[in-house]
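Asks: If you're matching them up, the sequences are chains B and A in order.
FYI, the numbering for the first sequence is 1042 to 1410, going by our numbering.
FYI, the numbering for the second sequence is 1042 to 1410, going by our numbering.
Don't be surprised by glycine CBs; every beta carbon is placed ideally from N, CA and C.
Values in this document were obtained by computation on a predicted structure and should not be read as measured data.
2 protein chains.
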Amino acid sequence: MPHTLATHRYLTLAEGLFGPLTSKTANSAIRYLPERIVAVLDSSQAGQTVQKVLGFGGAIPVVGTIEEGLRGAPTALLVGIAPQGGQLPEAWRGVLAAAIAAGLDVVSGLHFYLGDDPELAALAERAGVQIVDLRKPPSALPVSHGLARDVEPLTVLTVGTDCNIGKMTAALQVRDALRTRGARVGFAATGQTGILIEGWGIAVDSVVADFISGAAERLVLQACHGNDIVLVEGQGSLVHPGYSGVTLGLLHGTLPDAMILCHLPSRTFPYGGNGAYSWMPLPGPPDAVRLCEAMVEPLKPSRVIAVSLNTWDLTDAQARDAIARAEDETGLPATDPVRFDPAPLVDAVLAEQARKAERREAGRGGSGG
Amino acid sequence: MPHTLATHRYLTLAEGLFGPLTSKTANSAIRYLPERIVAVLDSSQAGQTVQKVLGFGGAIPVVGTIEEGLRGAPTALLVGIAPQGGQLPEAWRGVLAAAIAAGLDVVSGLHFYLGDDPELAALAERAGVQIVDLRKPPSALPVSHGLARDVEPLTVLTVGTDCNIGKMTAALQVRDALRTRGARVGFAATGQTGILIEGWGIAVDSVVADFISGAAERLVLQACHGNDIVLVEGQGSLVHPGYSGVTLGLLHGTLPDAMILCHLPSRTFPYGGNGAYSWMPLPGPPDAVRLCEAMVEPLKPSRVIAVSLNTWDLTDAQARDAIARAEDETGLPATDPVRFDPAPLVDAVLAEQARKAERREAGRGGSGG
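Following this line, the structure appears as structure tokens:
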């Protein structure tokens, strides 16, 4: 049987860019699918372990060539980096061709669809392998009608003060902790890395603009099946000069019952564009909370119920300070769910779920009596 | 020489849907390119004049067949309606084929690209005619870097309390009046109808979601050339459940110096989806002003400077009442620039232009002395 996103063993391409902040897709695959990552390909750091480069990931080796990577018997080459704009660097063609020639599928999160590249498509066909473009959206999407606003499960969207600060990671950490506590939790993946990890989803930044909310609506409805809580992976921020449209469309398509605000304390201006946004100061958590709540309020009241910090670049003491400051500024529970116990976020979600269940029960009682 | 968007004479297809609110593209073409509309095709109203159906447009005939329409010697069939979702109604294939066979180009604002339809593309190639899809965006768009925030001309974006209430029309009425007063005015078209009228532009609702702001940025920079004022056609609304992402991306790509709020007093819930949004009350002008200003503030302070009302369905007395109420509620000048003199909007724009010129002059003086 051919391999799928649920079974692939990956050789992960991160050539020249493997690092804590520069290889988002690779790093998340390592965090959430560690048993399926056989090696990372980055010739500039060959011989290292993933643990040494990222601070997690254990003994997974960083290799310098495809040939070395094949020793771990991968079934697919994962393109583990997603440069802004998402074009295919010409230097990668040789690597991709070699991987295809070696019988590997190619799984990519680039904006540029590798499957649409005539040269690569021809090579893949000849070799009998698949090219999977994680960002490629389904062809027929609806315009949102707001159907997600009153689904039965509790819906929680991760929002943020910026893009690329850990909205997917926060949702996945909360998901795993909720499952440990016995909750039935769905995860609606909205970006290439989330889709890679979960095995399904829609990259909402890649759909035609009119259908951003419609894609989110469809994802939420689908993630509801068999679940009591649905966590929706957030994207971007409401004030990012490049990506805010995706963020608002996702918010209005999801119409969440509650939000978790994600924040990277060390970030001072919007991410991306090689510093092109240094003219703009980022909002702090209190402003971001107000903005998110104000922008969903006209459609459905929804509150930020907790703050998830990304403190990867701080010391333990600094991280604890940042968490205390976020709690103080917002009046909400806060933690770094990767570094510390995600319990404060999980408790907030479960309390919200109980409140929603009570409201539904009261509503039923009211209409019945 | 082949005809272009700047020279075509149109037979306008509005089959079964020709009316004040149901054939937006057709109606705007009639308003702004009346000398180039030879007839409207709607067999359900054949024999009428456009004036009788719309209340403007004079003696342009409504015809029931392609053959009748050809009597006016059109050079293109204009698809004059744009249903939500934008699929090609199967019933139109015969009409399109007949138009192509008669040697007409086809100009379409549908989401579905007629040029990508194998059957129509083959017919067009055989007949030696062009299919122009107005919504089809350029293939390579940038992610916005916020470059539009400090261009030399005054930039004004039309925003609104809902979609489909006259944001393009308001901008065009102001443009025409400003030109009458001698201003050099650029118009950045962001939708299929604006592109049809202006001859260039990008349908921002049709670009890949990550590039909404980038498309707007590119349009603004291009419209600046040789102009002192740039009017940007707005789209949707910040609280439309289906389209808000497009609206925010456009706002953050444009980063306008000022905004004109468009409002249809008779509208009570968001447009579209066959009433699917009746669960949501529309914000009034004061709330919409606050929301628009709050959402651009973190990137660049910008104010709503006037309110443009669409009173097509009110009596004169009701229209004057609505204008007085909007002025009273918002403290801003207001008018219906189609029904009445657009001067209040034009004066507000020119005053803002003078203020921007003063600020720039003061900035230069400060840095020099």
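(1) Is the beta carbon of B:LEU1237 sitting closer than 9 Å to the one on B:ALA1114?
(2) For a contact defined as C-beta to C-beta under 9 Å, what are the partners of A:TYR1073 on chain C?
(3) Assuming A:GLN1359 and A:LEU1195 form a contact by the criterion Cβ under 8 Å, report the distance between their Cβ atoms to the nearest whole angstrom.
(4) What separation, rounded to the nearest whole angstrom, lies between the Cα atoms of B:MET1104 and B:GLU1056?
(5) Measuring only the C-alpha atoms, how far is A:TRP1320 from B:GLU1338?
(6) Thinking just about the alpha-carbon of each residue, which of B:VAL1280, B:SER1343 and B:ASP1362 is nearest to the one in B:PHE1310?
(7) If you measure beta-carbon to beta-carbon, which residues of the segment 1300 to 1318 of chain A are closer than 8 Å to chain B?
(8) Using the C-alpha atoms, what's the distance from B:LEU1151 back to A:THR1221?
(9) Considering only residues of the segment 1224 to 1259 of chain A, which uninterrupted beta strand (DSSP E) runs meet the minimum length of 3 residues and lie entirely inside it, listed in chain order?
(10) Check distances from the C-beta atoms of the segment 1162 to 1184 of chain A to those of chain B and list, in chain order, the residues that come in under 7 Å.
(11) Using a Cβ-Cβ cut-off of 9 Å, state whether A:ILE1253 counts as contacting chain B.
(12) Out of B:LEU1046, B:THR1090, B:GLY1121 and B:ARG1072, point me to the one whose CA is closest to B:LEU1052's CA.
(13) Given this structure, state the Cα-to-Cα distance separating A:LEU1340 from A:GLU1108, to the nearest angstrom.
(14) Is there at least one Cβ from chain A nearer than 9 Å to B:SER1285's Cβ?
(15) Does any residue of chain B bring its CB to less than 9 Å from the CB of A:SER1247?
(16) May I have the straight-line CA-CA distance separating A:VAL1215 from A:VAL1387, to the nearest angstrom?
(17) Kindly indicate the opening and closing residues of the alpha helix (DSSP H) around A:ALA1162.
(18) From B:GLU1076 to B:TYR1284, what distance separates their C-alpha atoms?
(19) Going by C-alpha distance, which of A:VAL1197, A:ALA1384 and A:PRO1102 is nearest A:CYS1333?
(20) Between which two residues does the alpha helix (DSSP H) holding B:HIS1293 run?
(21) Quickly, what does DSSP pair B:TYR1051 with across the bridge? List them, please.
(22) Could you check what DSSP says for A:ALA1317 in three-state terms: helix, strand or coil?
(23) Any beta-carbon of chain B closer than 9 Å to the one on A:ARG1344?
(24) How would you list, in chain order, the residues of chain A whose beta-carbon sits under 8 Å from the beta-carbon of B:PRO1043?
(25) Does any C-beta atom of chain B lie closer than 9 Å to the C-beta of A:LEU1062?
(26) Starting from the C-beta of A:SER1085, find all residues in its chain whose C-beta is less than 7 Å away, skip the five residues before and the five after it, and write them out in chain order.
(27) Report the option in B:THR1376, B:ARG1380, B:LEU1137 and B:PRO1159 whose CA atom is closest to the CA atom of B:SER1149.
(28) Let me confirm a value: A:GLY1410 is counted as buried when at least 16 other C-beta atoms fall within 10 Å, else exposed. Which label applies?
(29) Of the residues that make up the segment 1324 to 1352 of chain A, which ones have a beta carbon closer than 8 Å to any beta carbon in chain B?
(30) Could you work out which residues of chain A lie near B:TRP1320, taking near to mean beta carbons separated by less than 7 Å?
(31) Is DSSP giving B:ILE1346 helix, strand or coil here?
(32) For the ligand MN, is there a heavy atom less than 8 Å away from the beta-carbon of B:ALA1142?
(33) Does the distance from the CB of B:ALA1329 to the CB of B:PRO1385 come in under 9 Å?
(34) A:VAL1280 touches chain B at which residues, Cβ-Cβ below 7 Å?
(35) Taking all protein chains shown into account, decide if A:GLU1239 is buried (16 or more other Cβ within 10 angstroms of its Cβ) or exposed.
(36) Do B:HIS1049 and A:TYR1282 come within 9 Å of each other at the CB atom, strictly closer than that value?
Replies: Taking the geometry as given:
(1) No, Cβ-Cβ distance for B:LEU1237 and B:ALA1114 is not below 9 Å.
(2) Protein chains B and A are contained in the structure displayed, whereas chain C is not.
(3) About 33 Å separates the beta carbons of A:GLN1359 and A:LEU1195, which is beyond the 8 Å limit, so they are not a contact pair.
(4) It is worth fixing the name first, because residue 1104 of chain B is Val in this sequence and not Met. Taking the straight line joining both Cα atoms gives about 10 Å.
(5) The straight-line gap from Cα to Cα measures roughly 13 Å.
(6) When only C-alpha atoms are compared, the closest one is B:VAL1280.
(7) Cβ contacts with chain B come from GLY1313, GLY1314, ALA1317 and TYR1318.
(8) Taking the straight line from one Cα to the other gives about 49 Å.
(9) As far as the segment 1224 to 1259 of chain A is concerned, its whole beta strand (DSSP E) runs of at least 3 residues are 1226 to 1229.
(10) Within the segment 1162 to 1184 of chain A, those residues whose Cβ lies closer than 7 Å to any Cβ of chain B are, in chain order, VAL1184.
(11) It does: the Cβ of A:ILE1253 has a partner Cβ on chain B nearer than 9 Å.
(12) Considering only alpha carbons, the answer is B:GLY1121.
(13) Between the C-alpha atoms of A:LEU1340 and A:GLU1108 there is a straight-line separation of about 54 Å.
(14) Yes, B:SER1285 lies at the interface with chain A (some Cβ there is under 9 Å from its Cβ).
(15) Judged by the 9 Å Cβ criterion, A:SER1247 is in contact with chain B.
(16) Whole-angstrom Cα-Cα distance: 6 Å.
(17) Secondary structure note for A:ALA1162: its alpha helix (DSSP H) is the uninterrupted segment 1159 to 1168.
(18) Rounded to the nearest angstrom, the two C-alpha atoms are 33 Å apart.
(19) Cα-wise, what sits closest to A:CYS1333 is A:VAL1197.
(20) Element bounds for B:HIS1293: 1285 to 1295.
(21) In DSSP, B:TYR1051 forms a bridge with B:ILE1078 and B:ALA1117.
(22) Correct three-state label for A:ALA1317: coil.
(23) With its beta carbon at least 9 Å from every one in chain B, A:ARG1344 lies outside the interface.
(24) Neighbours of B:PRO1043 in chain A, taken as residues whose beta carbon is under 8 Å from its own, are absent, since the nearest beta carbon is some 29 Å off.
(25) A:LEU1062 does not count as touching chain B.
(26) Answer for A:SER1085: GLY1057, listed in chain order.
(27) Closest in C-alpha terms to B:SER1149, from the list B:THR1376, B:ARG1380, B:LEU1137 and B:PRO1159, comes B:LEU1137.
(28) Because the pLDDT of A:GLY1410 is 38, which lies under 50, any placement of that residue in the model is unreliable, and the number read from its coordinates should be weighed accordingly. With fewer than 16 Cβ atoms within 10 Å of its Cβ, A:GLY1410 is classed as exposed.
(29) Residues PRO1324, ASP1328, LEU1332, ALA1335, MET1336, PRO1339 and LEU1340.
(30) Here the neighbours are GLY1187.
(31) Strand, per DSSP.
(32) Among the ligands in the structure shown, none appear at all, so the ligand MN cannot be discussed.
(33) When the beta-carbon positions are compared, B:ALA1329 and B:PRO1385 stay at least 9 Å from each other.
(34) Result: PRO1339 and LEU1340.
(35) By the Cβ neighbour-count rule, A:GLU1239 is buried, with 16 or more other Cβ atoms within 10 Å of its own.
(36) Reading the sequence as shown, one finds Pro at residue 1282 of chain A and not Tyr. In this structure, A:PRO1282 lies away from B:HIS1049, with their beta-carbon atoms at least 9 Å apart.
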